[in-house]
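Q:
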């Protein structure tokens with residue numbers, strides 16, 4: 001977990017967000033899998049995930065299809081358990097650093113599932129989810145860290161994010177991502193030391 005320690009942001013190149021919560025530099029692929037956040041919810045948590053379909057295969061658009069409810073579950077044997085699954089994340093960062101957005105940051109994406117953080121249940125209500133195309137068994141790319149850092153710093157300009165966690169931290173025993181190859185210290189340093197362990 002990273003906790004925010006500095007409210008003053010360094011001057012950095014930022015991504016732009018419109019009034020509806022969409023990143024102007026992201027490729028927009030709208031997911032039907034979202035709901036409105038509860039009234040007066042403060043978005044103060046950022047959740048880092050990893051995903052690949054099939055696992056450790058980065059050659060397809062299956063993640064993008066899944067989040068749009070367009071995945072062909074007959075395309076691979078490992079997809080059988082995904083049939084009928086309705087999930088989404090706000091953002092996906094591909095291996096080459098390309099940024100996709102599926103749900104407005106103002107809305108509740110369905111990325112965390114059964115989850116709890118510091119005694120607060122239902123993390124989807126007050127979090128933004130970022131999926132890194134990856135798995136628990138291989139490193140992430142330099143391009144992904146660069147995109148993740150830029151996105152995070154930009155989100156800090158728009159939301160009172162106080163904590164950054166892995167999915168494993170809010171769903172222990174159920175989830176392992178972003179996994180052992182995610183370099184938390186590298187990420188922390190790249191966001192201008194706004195957060196500390």
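Numbering (this note's numbering), first residue to last: 1 to 197. We put the beta carbon where it would ideally sit given N, CA and C, even for glycine. Bear in mind the structure is a predicted one, so any value in this text is a computation, not a measurement.
Which residue marks the beginning of the alpha helix (DSSP H) containing residue 198, and which one marks its end?
A: Outside the displayed range of the chain (1 to 197) lies residue 198, so it cannot be described from this structure.
Q: Residue range of the beta strand (DSSP E) that residue 127 falls in?
A: 127 to 133 is the extent of the beta strand (DSSP E) around residue 127.
Q: According to the Cβ coordinates, are residue 158 and residue 34 closer than 7 Å?
A: No, they are not a contact pair.
Q: What does DSSP give as the partner residues of residue 152 in its beta bridges?
A: Its beta-bridge partners do not exist; DSSP assigns none.
Q: Following the continuous alpha helix (DSSP H) through residue 17, name the residue where it begins and the one where it ends.
A: Note, residue 17: premise wrong, no alpha helix (DSSP H); not H, not E.
Q: Could you tell me which residues DSSP puts in a beta bridge with residue 27?
A: Answer is 100.
Q: Measure the alpha-carbon distance for residue 72 versus residue 27 and round it to whole angstroms.
A: Distance between the alpha carbons of residue 72 and residue 27: 22 Å.
Q: By a C-beta neighbour count over all protein chains shown, 10 Å radius and 16 as the cutoff for buried, is residue 96 buried or exposed?
A: Residue 96 is exposed by the Cβ-count criterion.
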